[in-house]
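Quick notes on the structure that follows.
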Amino acid sequence: MLDIKFIRAFPDKVKYAVRVRKAKTDVDEILKLDDQRLEMLSHVESHRALRNSLSEQVSKTKVAKERAELIKEALRLKIELKKFENDLKILEGKLNEKLLYLPNIPCSNMPIGDGPDDNVELAVWTPLDGYLPKKKLGKGNSAAKYMPEANFKMKDHIELGKMHDMIDVEQSAITSGSRFCYLKNDAVLLQDALASLLKKKLVSEGFVPMMVPLLVKDRVLVGTSHFPEGRDQVYKIESDNVENRENLYLVGSSEPPLFAYFMDRTVSKMELPYKMFALTSCFRSEVGSWGKDVYGIKRVHQFDKLEMDVVTIPETSDETMEYLREINEWFLQQLQLPYRVLNKCSADAGYLASHKQYDAEVWLPSQREFMEVMTDTNATDFQARRLNIRFKDGGSTRYAHTVNDTGCAMGRMIISILDNYQKEDGTIKVPEALQKLMGKKEIS
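In the working numbering, the protein residues as written are 8 to 451.
Laid out in structure tokens, this is it:
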């Protein structure tokens, strides 16, 4: 959430952010509401001062008639004050609702664009050639022509999954409907090996392993900027079935409960950065994506993901984002998967909290396309303001910054390995980094 003082001081910057991020809100309307709020606040404060003054006069007045007049005036003032306070509460509610639809201010080097074709390639890497020269990078799908090709007719991940009895989307359609799956046998062992490799790395880097709630309250999702904009992507547990009859929501990522661990807390600067990760099941309705990536396990309603998040001081959030990107690239290179890193453009930079966002995408030779597997986002103090995450810095208290990263979207990483490591006969080589963890060199 943006500070209203910042909005008043820099309305043009905020209007620019709304325009390039294609947000659906009106900055002038917000400023008008804040003018009304300030005017009403002035009435409230002046009436409170008068009320206090009258109370003092009543206590000091001994003459009954004068005392009665003062009490009468105090009662009239009390009624007016109650009305003004109620009007102020309504105005604050309207203002806060409008503020929730404002985007974070984009960083100076976020590309300005209308969609995926305007995303900028920052790095492209292949197992044989390493990093491509910068002159070969561009926008959109520029790097595709440099990516590996197979010299045989490739199978997709569902064909391979059936062949090796690893993926079943037919029985899951009977038990749960479309966009669910059963993972079996080597697919499960592969996911466990992926998780073990990355967990070991993160623990060695000082990350705190966490197990988090998968059901959270409304405020947690508002606080992380998944609400109100993404409300239609989230599964709601009706209050009739919940303790205290309060609605709960299934998380689409462990990011909300991880950052909410610090909600309404003020920590010492010495405790930051606080690095943490969690491997959880995640749930998304995928409303609006009907007909898009519906084949197989690429875009499903339930999936597992290892999320790595950091709460840090403002001065180091950009550095932290680059650090998480380095871990992403380390992981993909350990797996010897061809990939690229994108600097996401203004209209494609995910949710409103994004100040800067990178995507890591793995190349799928069978499809001749890239697939997103990781997202790295610096949200600056946007989420911290909503969640009230602060730290003590000397004699002052400041809002922290939050940086979040998809360390490994498990289903998509399994797709990436099946696609890149398949052989002509359908057998699948296990990436060298996972062979000891899986206890085998090949899926056959």
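The beta-carbon is built from N, C-alpha and C at its ideal position, and this holds for glycine as well.
Excluding five sequence positions before and after V229, the CB atoms of its chain that fall closer than 8 Å to its own CB belong to L107, P235, R393, given in chain order. The straight-line gap separating the alpha-carbon atoms of D199 and L349 is approximately 28 Å. Annotation for G418: I304, F310 place their beta carbon closer than 6 Å to its own, counting only its chain and skipping 5 residues before and after.
By the neighbour-count criterion, in which a residue is buried when 16 or more other Cβ atoms sit within 10 angstroms of its Cβ, V223 is buried. CA-CA distance, E76 to L84, rounds to 12 Å. The straight-line gap separating the alpha-carbon atoms of M154 and G145 is approximately 14 Å. Counting along the chain, I396 sits inside no alpha helix (DSSP H); it lies in the beta strand (DSSP E) bounded by residues 396-400. As computed with DSSP, E368 is found in a beta bridge with R347, E379.
Contact between Y281 and V317 holds, with the beta-carbon distance rounding to 7 Å and staying under 8 Å. S211 sits exposed, since fewer than 16 C-beta atoms from the chains shown fall within 10 Å of its C-beta. Of the residues K191, P110, P438, the one whose Cα lies closest to the Cα of G357 is P110. Per the DSSP secondary-structure output, Y189 pairs in a beta bridge with D175. Annotation for D271: N395 place their beta carbon closer than 7 Å to its own, counting only its chain and skipping 5 residues before and after. Inter-residue distance for N116 and K351 is about 10 Å (C-alpha atoms, whole angstroms). The segment 297-334 is shown to contain whole beta strand (DSSP E) runs of 3 or more residues at 309-319, in chain order. Around the beta carbon of D412, 16 or more other beta carbons sit within 10 angstroms, so the residue counts as buried. Under the DSSP assignment, L255 falls in the beta strand (DSSP E) whose first and last residues are 255-257. The bridge partners DSSP lists for S275 are K399. Excluding the 5 residues flanking it on each side, K162 has same chain C-beta neighbours closer than 8 Å at M170, S373, Q429, G433, in chain order.
Counted as a single uninterrupted DSSP element, the stretch harbouring V437 is not any alpha helix (DSSP H), since DSSP gives it neither H nor E. For A157, the secondary structure class from DSSP, reduced to helix, strand or coil, is coil. The shortest C-alpha to C-alpha distance from T231 to any of K208, G259, E245 is the one to G259. By the CB criterion at 8 Å, L204 and Q341 fall inside the cutoff. Here the alpha carbon of L331 sits roughly 12 Å from the alpha carbon of T323. Restricting attention to beta strand (DSSP E) runs no shorter than 3 residues, the segment 402-431 encloses them at 403-406, 408-416, ordered along the chain.
Bounds of any alpha helix (DSSP H) do not take in M218, whose DSSP letter is neither H nor E. Here the alpha carbon of L9 sits roughly 6 Å from the alpha carbon of F389. Around the C-beta of M277, fewer than 16 other C-beta atoms lie within 10 Å, and the residue is accordingly described as exposed.
It is roughly 14 Å from the alpha-carbon of R375 to the alpha-carbon of L425.
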